[in-house]
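Residue numbers (my numbering): 4 to 318.
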C-alpha cells in the first residue's frame, strides 16, 4: 500500500488579528474576520460556461457545476446576506447555462442577488444574469447575443480528393445526423432546426420571466446580436449602468431594506479557492463572530511564539 502525504506550508500571518477597518479601508477588507460576520459575498462566473470539472490538488474546479455549488452554499450560509454575481463570460452550453439560471432563481428567493457585468456577459452569460434581482453593466460591456447556435463542418469534397472513404454502421437513420462526410438531408436539417428553435424558445422564456418583459418584446431583441451596456439599458435588458462597486452599493441597499440594517456589510471577494481556503472557511463558519481564529487554529504551544515572529507551519 502506498500512502501519499500532502504537506501544505501556511503563512501564519494569514491568521493575524485585525481590528475594525478604518474609514479609508471601507468594509471590504480581505480578512478571515469577514468570514465570521454577516456579509456580502462575491461569486465570479468567468470564461466559457460549460460543465468542465478540471481541477488541481490545491484548487477548486471552475466549471459551471462549481459555480452552482458556490451559489447553493451561499444560500445555505446564514452569514451570507446577499450575493454579487460578477459575470465575465461570452456564453456556453445551453444545459450548463440553465443550471446556473435555476440556481440563481432559487437563491434570490432566499436573499438579494445582483449581477455585475464585466467586459462581456453575452449569450449564456446573459442567460444567467437575467435571473438576478438587478443587473449592472458598464456602458461598454458587451451583452445580449440572445440566441442558440449549432456549428458543423462538411469535408466531403476534401475527403474525396484525398481518397478518404468513411464506413458508417448505425442503429437508425439519424444517428450520424451531424456527419461531416456527407451533405445534410432536408429531414436532418428540419430536426436540428426544431431542436434549435425549442432551445431558443426556452432562452426567450427565461429572459421574459427574468426581466418581466413580454415574449414578443424579447423576440424582437433576440436575433443573436450583441449590445453595448448603454444599448442594453435602453432596451431594458439591464437595470443600471455602473461598475462592480456601484453594483455592491445597490446590493448593500437591498440588504439594508430586507434585513433592517443601518450600516454596510463587509464584502467577501472570495479570492482564494485552494484547499487551505476551504478548510479555514469551513472552520470559520462554525465559530462565533467574537472567537479568536488564531486560538482555534494554532496549537497552544505555538500561540505565544506567534506574536513574537513570523512562522511557517507545515500541516
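Beta carbons: idealized from backbone N, C-alpha and C, even for Gly.
Give me the DSSP bridge partner(s) of residue i.
| i | result |
| --- | --- |
| residue 76 | According to DSSP, which records beta bridges pairwise, residue 76 is partnered with nothing at all. |
| residue 231 | 145 |
| residue 83 | 42 |
| residue 95 | 52 |
| residue 243 | 139 |
| residue 119 | 89, 139 |
| residue 125 | 147 |
| residue 271 | 44 |
Can you name, in chain order, every residue of its own chain whose Cβ lies under 8 angstroms from the Cβ of residue i, other than the five neighbours on each side?
| i | result |
| --- | --- |
| residue 166 | none |
| residue 183 | 155, 156, 157, 158, 159 |
| residue 222 | 207 |
So, are the CB atoms of residue i and residue j less than 9 angstroms apart?
| i | j | result |
| --- | --- | --- |
| residue 48 | residue 86 | no |
| residue 270 | residue 240 | no |
| residue 117 | residue 135 | yes |
| residue 375 | residue 89 | Nothing can be reported for residue 375: it is not among the residues displayed for the chain, which extend from 4 to 318. |
| residue 98 | residue 163 | no |
| residue 128 | residue 228 | no |
| residue 152 | residue 194 | no |
| residue 3 | residue 45 | No answer is possible for residue 3: it lies beyond the span of the chain, which begins at 4 and ends at 318. |
| residue 52 | residue 36 | no |
| residue 113 | residue 78 | yes |
| residue 247 | residue 50 | no |
| residue 137 | residue 220 | no |
| residue 238 | residue 224 | yes |
| residue 150 | residue 203 | yes |
Give every residue of the same chain whose Cβ lies closer than 6 angstroms to the Cβ of residue i, excluding the five residues on either side of it in the sequence, and list them in chain order.
| i | result |
| --- | --- |
| residue 257 | 115 |
| residue 180 | 191 |
| residue 126 | 94, 148 |
| residue 26 | Note on residue 26: pLDDT 36, under 50, position unreliable in the model; the coordinate value appears next. Hits under 6 angstroms: none found. |
| residue 108 | 134 |
| residue 169 | 184 |
| residue 33 | Residue placement at residue 33 is poorly supported in this model, since its pLDDT is 47, which falls under 50; the coordinates still yield a value, given next. Cβ neighbours of residue 33 beyond the five flanking positions: none. |
| residue 123 | 93, 145 |
Does the Cβ of residue i have 16 or more other Cβ atoms within 10 Å, making it buried, or fewer, making it exposed?
| i | result |
| --- | --- |
| residue 141 | buried |
| residue 311 | With a pLDDT of 38 at residue 311, under the threshold of 50, the modelled position of that residue is not reliable, and no figure is offered here. |
| residue 226 | exposed |
| residue 131 | buried |
| residue 214 | buried |
| residue 161 | exposed |
| residue 250 | buried |
| residue 260 | exposed |
| residue 242 | buried |
| residue 84 | buried |
| residue 119 | buried |
Which same chain residues, not among the five before or five after residue i, have their C-beta less than 7 angstroms away from its C-beta?
| i | result |
| --- | --- |
| residue 75 | 106 |
| residue 217 | 211 |
| residue 264 | 258 |
| residue 233 | 142, 244 |
| residue 73 | 46 |
Sequence ranges, beta strand (DSSP E) only - wholly within the stretch 142 to 195, length at least 3: The stretch 142 to 195 contains these whole beta strand (DSSP E) runs: 145 to 147.
What alpha helix (DSSP H) runs, 4 residues minimum, are completely inside the stretch 201 to 226? Within the stretch 201 to 226, the runs of alpha helix (DSSP H) that reach at least 4 residues and sit entirely inside it are, in chain order, 218 to 224.
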